[in-house]
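The next block holds one structure in the form of structure tokens; read it before the comments.
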Ligand SMILES: [Ca+2]
Ligand SMILES: [Ca+2]
Ligand SMILES: [Ca+2]
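Numbering (our numbering), first residue to last: -9 to 213.
And the structure:
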């Protein structure tokens, strides 16, 4: 099953036109989390680590989210942020499954960090950017170790990254280390969505052993 999953994932990557960086060794598609009811609220507008609230999934086992206070209202005004199945705002559909991760109206800087994956030498993800009146104070900045997937610092997303708007775009980079997604906006219409994150490379020995066991188990089942 693991091998088939990897093949299916590669096929999907081909279909999206991104660079195939190698074998998929870990993925995050945000399918197996609670999507939350209504808006996500967090009264704390100071810099702090976000945590899950009620049925809203904001952080996961291998990713954290830091909120950096820049003088705005943060999530105290109630915002659509975290794992979601919302398909409005032009999203239409997620690129893998029926859920993704949405960020909008953060009224501050948010830094989502995925832990380094052992053996990963590349990463790819799909990014949706809503079409609206972005300003140069808004930010989309995604890095994988030392590699930069996108950096809109000081630029107006409407004008300088217009090709991203109202589209799902596959971004990828080689490298290693943590995957970081930085985002800042100050309007509910200024939102992005992330889906189908895939780490590619050489499976760590432990993962290889698990793959071997899975193979052995499937062979046993056939007898
Ligand atoms: Ca998904
Ligand atoms: Ca807000
Ligand atoms: Ca703005």
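Just so you know, even glycine gets a beta-carbon here, dropped at the ideal spot from N, CA and C. Fair warning: this is a prediction, and the values are worked out from it, not measured in the lab.
Considering only C-alpha positions, which residue in the set the options is nearest to residue i?
i           : options            : result
residue 155 : 79, 195, 33        : 79
residue 181 : 61, 18, 60, 69     : 69
residue 162 : 117, 176, 147, 142 : 117
residue 190 : 184, 157, 110      : 110
residue 14  : 158, 112, 172      : 112
residue 66  : 42, 50, 29         : 29
residue 44  : 147, 94, 27        : 27
residue 145 : 127, 37, 38        : 127
residue 23  : 87, 103, 159, 105  : 87
residue 18  : 141, 121, 32, 49   : 49
residue 92  : 133, 21, 138       : 21
residue 100 : 53, 158, 25, 157   : 53
residue 58  : 46, 40, 147        : 40
residue 77  : 195, 193, 192, 184 : 184
residue 170 : 137, 64, 12        : 137
residue 157 : 82, 164, 38, 89    : 82
I need the DSSP call for residue i, collapsed to helix, strand or coil.
i           : result
residue 88  : coil
residue 58  : strand
residue 0   : Only weak support exists for where residue 0 lies, its pLDDT of 40 falling under 50; the value from the coordinates is given anyway. In the structure shown, residue 0 sits in a helix (DSSP, three-state: H, G or I).
residue 195 : helix
residue 40  : coil
residue 65  : coil
residue 124 : coil
residue 49  : coil
residue 78  : coil
residue 218 : Outside the displayed span of the chain (-9 to 213) sits residue 218, for which this structure offers no information.
residue 25  : strand
Over what stretch of residues does the beta strand (DSSP E) that includes residue i continue unbroken?
i           : result
residue 119 : 110 to 119
residue 74  : 72 to 74
residue 140 : 137 to 141
residue 99  : 99 to 104
residue 131 : 129 to 134
residue 14  : 14 to 18
Are the beta-carbon atoms of residue i and residue j separated by less than 9 angstroms?
i           : j           : result
residue 71  : residue 34  : no
residue 97  : residue 176 : yes
residue 108 : residue 167 : no
residue 56  : residue 103 : yes
residue 220 : residue 150 : A query on residue 220 cannot be resolved here, the shown segment of the chain reaching from -9 to 213 and no further.
residue 124 : residue 147 : yes
residue 130 : residue 115 : no
residue 63  : residue 120 : no
residue 60  : residue 174 : yes
residue 85  : residue 25  : no
Every unbroken alpha helix (DSSP H) inside the segment 144 to 192 [4 residues or more]: 147 to 150
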